[in-house]
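Residue numbers (my numbering), protein chains in the order written: chain A, 101 to 330; chain B, 382 to 596. All residues carry an ideal CB built from backbone N, CA and C; glycine is no exception. What you are looking at is a predicted structure, and each value in this text was computed from that prediction instead of being measured.
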C-alpha cells in the first residue's frame, strides 16, 4: 500500500499526500500560534492595563488607583469581571485617591473623525456634573491639522468644565454636548472647535456626547456605591 | 557545485545588490505607508525580517513534504502564522508601537516580498542558506524603509528618531509625513540610484583599465 502510494507520487501527487502536507502545515502553525499566545498573554494584558491607567490618571490627575466597572444596559452598575462584559454595557473607570476616596469617573468615547475613529478619554466629576479632564487615546488624523486636539490650548480649555447635566428625570443629558464654530461658544455644554479642524473637533464632541448619553443616566443614581473603593 | 552560492553570498544578496525596496521594488504597501518616521520604519523592517526569516526557514524545512499543487496555500498558512506571532509579540512589547504600526503588521502577510522569497528561493534551498538569505533580504528591506523614513521624518517633523534637529523655529514640511510624501521620497531615492548607476558605470569603466595598466 505504502509502496504503491509512493510510486504514484512520482507522477501525480496523490490526494493523500496533499491532505498530509496541508495537515502537517496546519498542525505546526496551530502549535506555534497557540504557544505564542500563551507566552505573550500576560505581558500584553499588563501593557493594556498600564496604558488604561495612564490615560485615566491623565484626565483625573488626583487619582492614585482605578477600578473598572460596567454600566449595565438595564440600569445599575457592576464591577467588571475580566473578559465578560454583557452586551450593551458601557465600560467606565472609577478613580480613587490615596485615601480610597472617589476622585471622579473616567470613560472612553469614540466617533468617526476625518481619517479614522478618534478615541478619547474624559474625566467626569459628579459634584459639578461636568467634564474635568480630556485625553486622546488614539487617532489617525492629519498631522499638523487634526492632531491639534492634543495641543491646542483654546480647545483643551473646553474640557476644564464642560457641562454634562442630566435632565430632571435622569433619562438623558439636559443639553447635548455640541461642537460649535471656532469662537462661537456661549454655553457651558458647547465645545469651541479648532479652526481648520472642525471634523476632528466634532468627532471629539460626538464621542463624549454618545458615551455620556449612555453612561450617565445609569451611573448617576448609583454614585453612592462608588464613593469609597470597594 | 558551480552555482551554489556561499553562505556569505546568500546573506548579502538582499542587503544591497538586490535590495527589496530599491532594486526589486517589492512590498511597496508598507514601504510607503508606515515610513513616516525612522523608528516606525525600523520596527516595521525588523518585524518583516522576522516573518521572512522564520517563514523561509520553515518553508525550506518542509520543502520536500509540500507538493507543488498546495504550495501556495501552505506558504500563506506558514507566513500568516509568523505574522500572528509578531502581532502578539509587539502587543506584549509595546502598545504604542502596536498603535503606530496598526493594520500594517497584519498586512505583512500580504507583503509580496515574503511570499516571493518563500516561493522563489526558500522552496529550492536548504534551511541554512534560505534563512541567511531571508535575514539579508529582511535587513535590506529594513535599510530601505529606514532610508525613506529617515528622510520623511527629518523633512516632515524636523526630528530624527525623535530627537529634534532644527530647534523650535523649524516649519515642518507636513506633506512629507502624509501619504504623498512616501512617493516623493521613494521616487527621489530611485532617481538618485539611477543617476549613480549611470555614472558608476562611466567612472568605473575607464579608471579600471588604467589601474590595470598602472598596477
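What would DSSP say about residue i, mapped onto helix, strand or coil?
i	result
residue 582 of chain B	helix
residue 487 of chain B	helix
residue 507 of chain B	coil
residue 552 of chain B	coil
residue 541 of chain B	strand
residue 425 of chain B	helix
residue 217 of chain A	strand
residue 523 of chain B	helix
residue 562 of chain B	helix
residue 416 of chain B	coil
residue 290 of chain A	strand
residue 113 of chain A	coil
residue 431 of chain B	helix
residue 222 of chain A	strand
residue 382 of chain B	Only weak support exists for where residue 382 of chain B lies, its pLDDT of 42 falling under 50; the coordinates are left without a value.
residue 593 of chain B	With a pLDDT of 44 at residue 593 of chain B, under the threshold of 50, the modelled position of that residue is not reliable, and no figure is offered here.
How would you list, in chain order, the residues of chain D whose beta-carbon sits under 9 Å from the beta-carbon of residue i?
i	result
residue 472 of chain B	The chain inventory of the structure shown lacks chain D, comprising the protein chains A and B.
In chain order, what residues of the same chain have a beta carbon less than 6 Å from the beta carbon of residue i, not counting five sequence neighbours either side?
i	result
residue 302 of chain A	279
residue 318 of chain A	171, 175
residue 297 of chain A	245, 246, 248
residue 306 of chain A	211
residue 510 of chain B	391
residue 226 of chain A	323
residue 177 of chain A	169, 171, 322
Between the options, which lies nearest to residue i when the distance is taken from Cα to Cα?
i	options	result
residue 284 of chain A	A:230, A:329, A:295	A:295
residue 311 of chain A	A:201, A:150, A:256, A:277	A:277
residue 501 of chain B	B:490, B:540, B:429, B:514	B:514
residue 140 of chain A	B:401, B:455, B:468	B:468
residue 431 of chain B	B:471, B:398, B:410	B:471
residue 115 of chain A	B:392, B:443, B:448, B:394	B:448
residue 315 of chain A	A:130, A:117, A:132, A:194	A:194
residue 507 of chain B	B:426, B:475, B:562, B:444	B:444
residue 558 of chain B	B:511, B:534, B:397, B:552	B:534
residue 243 of chain A	B:446, B:465, B:520, B:556	B:556
residue 237 of chain A	B:393, B:516, B:401, B:477	B:477
residue 342 of chain A	A:266, A:179, A:251, A:211	Since the displayed chain A opens at 101 and closes at 330, residue 342 of chain A lies outside it and no answer follows.
residue 424 of chain B	B:563, B:393, B:530	B:530
residue 486 of chain B	B:536, B:511, B:426, B:512	B:426
residue 415 of chain B	B:454, B:560, B:541, B:565	B:560
residue 263 of chain A	A:253, A:251, A:321, A:289	A:289
residue 275 of chain A	A:292, A:154, A:265, A:127	A:265
residue 271 of chain A	A:154, A:321, A:118	A:321
residue 562 of chain B	B:386, B:503, B:537	B:537
residue 539 of chain B	B:564, B:553, B:577	B:553
residue 388 of chain B	B:516, B:541, B:551	B:516
Enumerate in chain order the residues of its own chain whose CB-to-CB distance from residue i is below 7 Å, with the five nearest sequence positions on each side excluded.
i	result
residue 162 of chain A	197, 203
residue 189 of chain A	170, 171, 172, 173
residue 159 of chain A	206, 221, 222, 223, 233, 234, 235
residue 133 of chain A	none
residue 497 of chain B	407
residue 180 of chain A	168, 169, 170, 191
residue 209 of chain A	220, 222, 307, 308, 310, 311
residue 299 of chain A	213, 214
residue 155 of chain A	221, 235, 237
residue 313 of chain A	272, 273
Which same chain residues, not among the five before or five after residue i, have their C-beta less than 8 Å away from its C-beta?
i	result
residue 101 of chain A	Residue confidence is low: residue 101 of chain A scores 46 on pLDDT, short of 50, so the model does not pin down where it sits. Its coordinate-derived value is still stated next. There are no such residues.
residue 382 of chain B	Reliability fails at residue 382 of chain B, whose pLDDT of 42 lies under 50, so the model's placement of it is uncertain and no value is given.
residue 429 of chain B	408, 411, 489, 492, 494, 495, 519, 522, 523
residue 499 of chain B	436, 437, 440, 456, 459, 460
I want to know whether the stretch 470-490 of chain B touches the stretch 417-431 of chain B - three or more CB-CB distances under 8 Å.
yes
Please specify which runs of the beta strand (DSSP E), each continuous and at least 3 residues long, are wholly inside the stretch 126-214 of chain A, giving them in chain order.
165-171, 177-179, 190-196, 202-212
Answer yes if the stretch 212-219 of chain A comes into contact with the stretch 143-151 of chain A, meaning at least three C-beta pairs across the two stretches below 8 Å, and no otherwise.
no
Counting Cβ pairs closer than 8 Å, one from the stretch 428-445 of chain B and one from the stretch 543-555 of chain B, do we hit at least three?
no
At what residue ranges does the stretch 225-284 of chain A contain a whole run of the alpha helix (DSSP H), taking only runs of 4 or more?
253-256
Pairs of beta-carbons, one from the stretch 393-407 of chain B and one from the stretch 245-262 of chain A, closer than 8 Å: are there three or more?
no
Do the stretch 560-572 of chain B and the stretch 257-264 of chain A touch if we need at least three Cβ pairs shorter than 8 Å?
no
Report yes or no: do the stretch 386-401 of chain B and the stretch 451-466 of chain B share at least 3 C-beta pairs separated by less than 8 Å?
no
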